[in-house]
Amino acid sequence: MCQKNRKLCKSHVIPEFLYKAIYDDKHRANEITIEPFKKKFIQKGYYEELLCKECEEKISRLEKYCKENFFDNIPQNIKTREYEADNLDYNKFILFHLSILWRASISSRKEFKNVRLDKGPHEELIRKLLENQISPSYEDYSFFGKLLVHQGKVIQDLIYEPINTKYKAHHVYVFTFGGAQWYYLVSSHSKKEFSKILFKEDGKLILRVEELLENTFFKDSILKYQKSKSAKR
407 MCQKNRKLCK SHVIPEFLYK AIYDDKHRAN EITIEPFKKK FIQKGYYEEL LCKECEEKIS
467 RLEKYCKENF FDNIPQNIKT REYEADNLDY NKFILFHLSI LWRASISSRK EFKNVRLDKG
527 PHEELIRKLL ENQISPSYED YSFFGKLLVH QGKVIQDLIY EPINTKYKAH HVYVFTFGGA
587 QWYYLVSSHS KKEFSKILFK EDGKLILRVE ELLENTFFKD SILKYQKSKS AKR
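Residue 407 is where the sequence shown starts when you use our numbering, and the numbers rise one by one after that.
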């Protein structure tokens with residue numbers, strides 16, 4: 407991240423604390439990939455040598471804040487149509503999410519092959535924001551999210567392989583972790599049409615609550631899985 411010639415640490419792409427809800431008694435987690443639809447055990451959250459110790463500490467401070475001030479506060483059960491979190495530190499929360507997007511982009515792991523920002527200016531722009539701990543305007547980089555539930559219970563034990571899709575002129579990278587599905591908008595075009603749902607400088611985050619079985623990406627995954635099973639018969 408700092409681009410200095412330093413020894414690199416084993417860095418997670420998705421923070422380790424987000425895997426704890428899905429570990430079994432052997433400290434294993436189920437991984438779900440999209441194409442083909444598969445489940446397998448992983449022993450620990452994915453990591454590789456990405457950051458030096460100093461940069462790792464910068465990211466760790468963001469992760470600590472977000473864990474303690476957002477993820478730990480998500481209720482286990484919810485019956486409302488929206489979940490709202492107020493008074494989040496905009497700088498820390500947006501940089502936390504950008505750090506995941508950026509780490510996935512520079513990762514060489516196949517699990518993050520769908521995330522590639524290096525075809526344009528955004529990988530380098532985000533790197534500079536993270537290095538200098540400067541938050542962008544929501545019109546430059548932002549995201550919105552959905553809280554995923556099943557029968558009213560928040561699904562904390564689900565992590566998907568990220569998806570790359572497109573909406574009009576915007577590249578959208580979809581991550582699933584921490585009980586929610588996160589939509590990261592990456593483009594140089596205006597994001598005003600999303601302004602009502604994007605995380606903005608006021609520190610208010612509003613997540614629509616969605617039943618997992620009604621989620622578009624989950625339904626598509628199930629359909630692909632069913633087709634692959636039928637093809638093998």
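C-beta: ideal position from N, C-alpha, C; glycine also. Please read all numbers here as calculations on a predicted model, not as lab measurements.
- Around the beta carbon of glutamine 557, fewer than 16 other beta carbons sit within 10 angstroms, so the residue counts as exposed.
- Nearest to glutamate 474 by C-alpha distance, out of Glu616, Phe624, Leu424, is Leu424.
- Residue pairing for glycine 551: DSSP places it in a beta bridge opposite Trp588.
- In this structure leucine 456 is in contact with leucine 414, their Cβ atoms being roughly 6 Å apart against a cut-off of 8 Å.
- As a beta-bridge residue in DSSP terms, alanine 491 pairs with Leu611.
- With contacts defined by Cβ atoms closer than 8 Å, leucine 531 and leucine 501 do not form a contacting pair.
- Excluding sequence positions up to five before and after phenylalanine 583, its CB lies within less than 7 Å of the CB of Ile420, Leu424, Ile565, all in the same chain and listed in chain order.
- Positions of the alpha helix (DSSP H) runs, each at least 4 residues long and wholly inside the stretch 448-514, are given as 459-475, 496-512 in order along the chain.
- Taking each of Asn479, Tyr453, Glu460, Ile506 in turn and checking the Cα distance to glutamate 469, the smallest one comes out for Ile506.
- Taking 8 Å as the cut-off, the Cβ atoms of arginine 614 and lysine 574 do not count as close.
- Looking at the DSSP output, glutamate 617 bridges to Val555.
- Separation of glutamate 599 and alanine 491 (C-alpha to C-alpha, rounded to the nearest whole angstrom) is 22 Å.
- Here proline 568 really is in contact with phenylalanine 581; their C-beta atoms are around 5 Å apart, less than 8 Å.
- Under DSSP, the beta-bridge partners assigned to histidine 576 are Tyr573.
- Of the candidates Cys461, Asp626, Lys610, Lys610 places its Cα closest to the Cα of aspartate 495.
- Taking C-beta separations shorter than 6 Å and ignoring five residues to either side along the sequence, the partners of arginine 487 in its chain run Val615, following chain order.
- When Asn479, Phe476, Ile540 are compared, the shortest CA-CA separation from lysine 464 is found for Ile540.
- With 16 or more other Cβ atoms from the protein chains shown falling within 10 Å of its own Cβ, glutamine 587 counts as buried.
- Sequence-distant partners of cysteine 458 (beyond 5 residues in either direction) whose C-beta falls short of 8 Å from its own C-beta, in its chain, are Met407, Cys408, Lys410, Arg412, Lys413, Leu414, Cys415.
- Judged by DSSP secondary structure, histidine 418 falls within the beta strand (DSSP E) whose first and last residues are 414-418.
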